[in-house]
Each structure stands twice: as C-alpha cells, then as structure tokens.
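Peer 1: Okay, so the sequence shown: first residue is 0 according to numbering that gives the first Met the number 0, each after it adds one.
All C-beta atoms in this analysis are idealised placements derived from N, C-alpha and C, irrespective of residue type, glycine included.
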Amino acid sequence: MPLSGRLRAAWYVPGRLFSVDAATTASVPALFARNERVVCVFGQETLAFALVLVGATWAPRSYCCCLRAGASGCARSPLAAARGWARRSPGSREADVSGGGDWRPGASRALLERRAALLACTREFFAARGVLEVDTPVVVNAPVSDVHIVSATVQLGRTPAYLHTSPEYAMKRLLAAGSGDIYQVCHVVRGAESGRLHNPEFTLIEWYRLGFPLAALMDEVEALVRLLLGPAAPQRASERISYRDAFLRELGLDPLTAPDEALEEAARPLGFTDRSADRDAWLELLMGSRVGPRLGRSALTFVHGYPASQAALARLDPEDPRTARRFELYCDGVELANGFHELASAAEQRARFERDNAQRRRLGLPVCPIDERLLAALESGLPDSAGVALGFERTLMLAAGASHIEEVLAFPTARA
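Here's what the structure looks like:
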C-alpha cells in the first residue's frame, strides 16, 4: 500500500530520537527489518498519537500505512491507524488492540510445554548447585534510574509505585542480609520495548554468586544457556572478547578513544543523525545495530569491559578505570544476558543515581526516587558477589527456532 500523509521514521533510544526522512529509505518494511525499535510519528505529531504508536508492535510484511484523517487516501482516525500497525500474531491471526479481537494464545501447546520444561530445567540446575530460589515484590517504591530503561508506574495509594524492571535491588538487600547464593525467575516490565525480540512484560532468570569472579560467572552462564538451548547451542567453544576489541574488529573503531565525530560517522550508514547526541547514545546505537548483531554467530560470545560510563551497578576495573567489570552474552546476534561484578559502595551508588537523574533532567525524562533501602543495605555491607540476568524468552526463541517473541508467549502484551 502506498504511503499517504507525512511519515518520519526514527530509531528509538529512550530519551532520544534519531530521525531520518522515510524517503531516504528503500521501503518501510526494510527499515523495520533493520531494527525492531523503529517508531513512527505521523501527521501533526500530536502527543497522544505518538504515544499510541510507540506502544504498538510492528514486524516486516505485517503493516498498514493509513496515517491520519484527511491525508490522501486515508479516512481513518489516528487510533485506527495505530491499530493497523499492530503486529499480526503467529498464524496470521490479526491482533486487535481494542480488546475485542483474537482471544487465542500466541504460543502453541508444544511451545508452552517446552517453556515449562526449560523452566523446570533451570530450577534443577540451580538446586544442584545449592543456589536458593527467592521471590521478591513486583511492585517497588523506587525504579531503576538508567535513562535507557522506562519503568511503568502504578497508583496503589497517594504515592506512585513502579513495576520492577529487574529484581536486582531487592535481591541485593537479601544478599546484604545474609541470604547466600540466590536466584529468581520472575516477570519484569519495561515500557517502550516492543518488537521481534521485545515484549514489555518478559521473564528474567537472575542470580547472584558470592565470591565469584566474572570469569566463573561466565562459565556458569554458558553452562545454563547450553542446557537450555540443547541442540541449538553453537558447537564451537565460547568466545570472550572485550567491548573495545569487538568495536575494533567489527567497525575498526576504538570506542574508548575515538572522538564523538568518528562515532557519528560510523552511524551514518544507518541513516540516523543527531548532532545533540551524547557519546553513550552513539555507542548504544552502534552496539545495538552494527556490532551486537554480528556477535555470537558461530560461538557463544561474551563481551566484557564495557565503558565506565555504562557501568550501571557494576564496579569499575581497577586495572583499567576506563572500563567496568560488566559483560553481556550474545548468541546468533541476540543479546541474552547482562552480568556485573556488583558495586558494593553505597556512596558510589548514590553518586551514580544522582548522575542518572541529572541526565534525566537534561533529556526531559522523569526523575527517579532514589532507593534508600538499597543504599542502606550496601552501607551495612554487601558481600563480594557477581550477578547476572538472562532473558528467558529470547533463549527459548533460539532453542525453538522461533522468529518472534510472541511465538513463545501465551499472550503478548498487545493481546493480554
């Protein structure tokens, strides 16, 4: 269907839009295929219309291009247009985001059985290692302050609360209280994330090991992932490469020393430009679109030594303070896990929270309340530990050969 009205396509990075005129792309489906985080703003770009579209989920070959009432060839309202962009579920059953439509699940009975079996395997894996399963609240008083993560709010009383995006804060309080090694399988919610690999609500397997160096935690992550992937696991030995070397290998660019202009130039082939972007925004863009998708193609690939500015809740590396003791795992171009040597300093953690909030103010994002209970737990003494979060649905997708996350969910958020 030909486009009508005005369309601007943009790469979504929370807090920033990298804009490109749709006329410079070969086709809208090709743009979607390049990255599932594309969002579109139509017509007069009114706030309500934009929010509806950001909340939709798209996929190649399943879209509608009616834009706004009054546009050439289009008589539907913005809401109707937004519904037209909602992704069709597996089996070509069109989703209806109005709440009427298809009531059937997205996952087959066979995949639901496989999902249950892999969750059972996960629990057996940790039980054999003496790791305690715990359960922490889904509703929390302080969200993650990372500017790249959008927390959903809930109103339970006079003070807003939040659906957790990770159980990390609560699990660290358990560690400080003497829980020992712990793990959790839980649902988390991250707003503004929808696409082939993203559903706003998804399952994390998160665990913490006392006295583990990152290398030992990587070994354990690999053991669990190979167990869950089964025959789909790469047969070659895993690869461990620094963030710096991954950029050098894939882009010929040193992410620790390259000037901002070089990062912008490396992003130019993507068709996205924003001269107001900060250094981390460019690095996130390049990692997500040009480096990460090439990793883990023939072997499980652990990327370690992330820039200090992306440390989050990880310690800095004393041997190279430009980097953090943090890793991510990639398989077949998909990020599966994110691990830290956990920061134990309450003062440093408070400073990072405050820096995040300062950046939120600059970007016009909501300022997050600081989790004083977490800081008190750190002040009381957090044992030396390493922790990691593994995306369960993504792992299940690779194990089952699924092409979209909706295929491994009973009901995706769009049809919940």
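#1: For ALA409, which of helix, strand or coil comes out of DSSP?
#2: If you measure between the beta carbons of GLY338 and GLY386, is that distance less than 8 Å?
#3: Which runs of the alpha helix (DSSP H) spanning at least 4 residues fall entirely within the region 321-372, listed in chain order?
#4: Could you tell me the alpha carbon to alpha carbon distance between GLU219 and PRO365, rounded to whole angstroms?
#5: Starting from the C-beta of LEU209, find all residues in its chain whose C-beta is less than 8 Å away, skip the five residues before and the five after it, and write them out in chain order.
#6: Look at ARG324 and LEU213 and say whether their C-beta atoms are less than 8 Å apart.
#7: DSSP three-state label for PRO230, please.
#8: Could you tell me how far apart the beta carbons of VAL188 and ALA151 are, in whole angstroms, since I believe they sit closer than 8 Å?
#9: What did DSSP end up calling SER384 once you bin it into helix, strand or coil?
#10: Kindly indicate the opening and closing residues of the alpha helix (DSSP H) around ALA313.
#11: For ILE148, which of helix, strand or coil comes out of DSSP?
#12: Relative to the alpha-carbon of ARG128, which residue among ARG103, LEU155, ARG113 and ALA222 has its alpha-carbon at the smallest distance?
#13: Quick one: what's got a C-beta closer than 6 Å to GLY69's C-beta in the same chain, skipping five residues either side?
#14: Is the region 140-151 touching the region 243-254, taking contact as three or more C-beta pairs under 8 Å?
#15: So, for ALA398: in the same chain, excluding its five sequence neighbours on each side, which residues have a beta-carbon less than 8 Å away from its beta-carbon?
#16: Measure from the C-beta of VAL366 to each C-beta in chain D and report whether the shortest distance is under 8 Å.
#17: Classify ASP370: buried if its beta carbon has 16 or more other beta carbons within 10 angstroms, exposed otherwise.
#18: On a CA-only basis, which of ALA311, ALA307 and PHE326 is nearest PRO317? Give me that one, please.
#19: Less than 6 Å between C-beta atoms, sequence neighbours within five positions excluded: which residues of the same chain meet that for VAL333?
#20: In the DSSP assignment, what are the bridge partners of VAL130?
#21: Provide the residue(s) that pair with ALA160 in DSSP beta bridges, ordered along the chain.
#22: Report the residue from VAL130, HIS197, LEU203 and GLU353 whose alpha carbon sits nearest the alpha carbon of HIS163.
#23: Could you give the DSSP three-state label for LEU284: helix, strand or coil?
#24: Between GLY304 and SER241, how many whole angstroms is the CB-CB distance? I'm expecting something under 8 Å.
#25: Taking ASP331 as the reference, give the member of GLN234, HIS147 and GLY190 with the closest Cα.
#26: Reducing DSSP to helix, strand and coil, say where SER379 ends up.
#27: Please tell me whether LEU285 and LEU262 are closer than 8 Å, where the distance is taken between their beta carbons.
#28: When you compare each of PRO411, GLY400 and GLY190 to ALA109 by their alpha carbons, which one comes out closest?
#29: Quick one: grab the DSSP three-state call for THR121.
#30: Express the C-alpha separation of PRO166 and GLU378 in angstroms, rounding to a whole number.
#31: Apart from the five residues just before and just after ALA119, which ones in its own chain have a Cβ nearer than 8 Å to its Cβ?
#32: Give a yes or no on whether the C-beta atoms belonging to MET217 and PHE301 are separated by under 8 Å.
#33: Of the residues GLU264, LEU362, ALA236 and ARG351, which one's Cα is nearest the Cα of ALA298?
#34: For ARG354, tell me which candidate among GLU405, GLU327, PHE211 and ALA310 has the shortest Cα-Cα distance.
#35: Take the Cβ of PRO199 as the centre, count every other Cβ of all protein chains shown within 10 Å, and call the residue buried at 16 or more, exposed below.
Peer 2: Quick answer:
#1: Assigned with DSSP and collapsed to three states, ALA409 falls in coil, not helix or strand.
#2: Cβ distance < 8 Å, so GLY338 and GLY386 count as in contact.
#3: Correct list: 345-362.
#4: Put simply, the backbone Cα of GLU219 is about 37 Å away from that of PRO365.
#5: Its chain contains LEU174, GLY179, ASP180, PRO382, ASP383 and SER384 as the residues whose beta carbon lies nearer than 8 Å to that of LEU209, once the 5 sequence neighbours on both sides are disregarded; these appear in chain order.
#6: It is a contact, given that the beta carbons lie within the stated cut-off.
#7: Taken through DSSP and simplified to helix, strand or coil, PRO230 comes out as helix.
#8: Between VAL188 and ALA151 a beta carbon distance of about 5 Å is seen, short of the 8 Å cut, so the two are scored as contacting.
#9: Note: SER384 maps to strand in three-state DSSP.
#10: Counting along the chain, ALA313 falls outside any alpha helix (DSSP H), and DSSP gives it neither H nor E.
#11: It is coil, neither helix nor strand.
#12: Minimum Cα-Cα distance from ARG128 among the listed residues ARG103, LEU155, ARG113 and ALA222 corresponds to ALA222.
#13: Note that GLY69 scores 30 on pLDDT, short of 50, meaning its location in the model is unreliable and no value can be drawn from it.
#14: The region 140-151 makes no contact with the region 243-254: fewer than 3 CB pairs, one atom from each, lie closer than 8 Å.
#15: Hits under 8 Å: ARG113, LEU117, LEU227, LEU228, GLY229 and ALA231.
#16: The chain inventory of the structure shown lacks chain D, comprising one protein chain alone.
#17: Buried is the call here.
#18: Comparing alpha carbon positions, the residue from ALA311, ALA307 and PHE326 closest to PRO317 is ALA307.
#19: If we look at VAL333 and ignore the five residues flanking it on each side, its Cβ neighbours are ARG393.
#20: Answer by DSSP bridge pairing: none, since VAL130 is not bridged.
#21: Beta bridge pairing from DSSP links ALA160 with VAL153.
#22: Of the candidates VAL130, HIS197, LEU203 and GLU353, the residue whose Cα lies closest to the Cα of HIS163 is LEU203.
#23: In this structure, LEU284 counts as helix in the three-state DSSP scheme.
#24: That pair is a contact at about 4 Å.
#25: The option with the nearest alpha carbon to ASP331 is GLN234.
#26: Helix at SER379.
#27: Cβ atoms of LEU285 and LEU262: closer than 8 Å.
#28: Comparing alpha carbon positions, the residue from PRO411, GLY400 and GLY190 closest to ALA109 is GLY400.
#29: Assigned with DSSP and collapsed to three states, THR121 falls in helix.
#30: One C-alpha to the other measures close to 19 Å.
#31: Result list for ALA119: empty, nothing under 8 Å.
#32: Yes.
#33: With distances taken between Cα atoms, ALA298 lies closest to ALA236.
#34: Of the candidates GLU405, GLU327, PHE211 and ALA310, the one whose C-alpha sits nearest the C-alpha of ARG354 is ALA310.
#35: Buried, since its Cβ has 16 or more Cβ neighbours within 10 Å.
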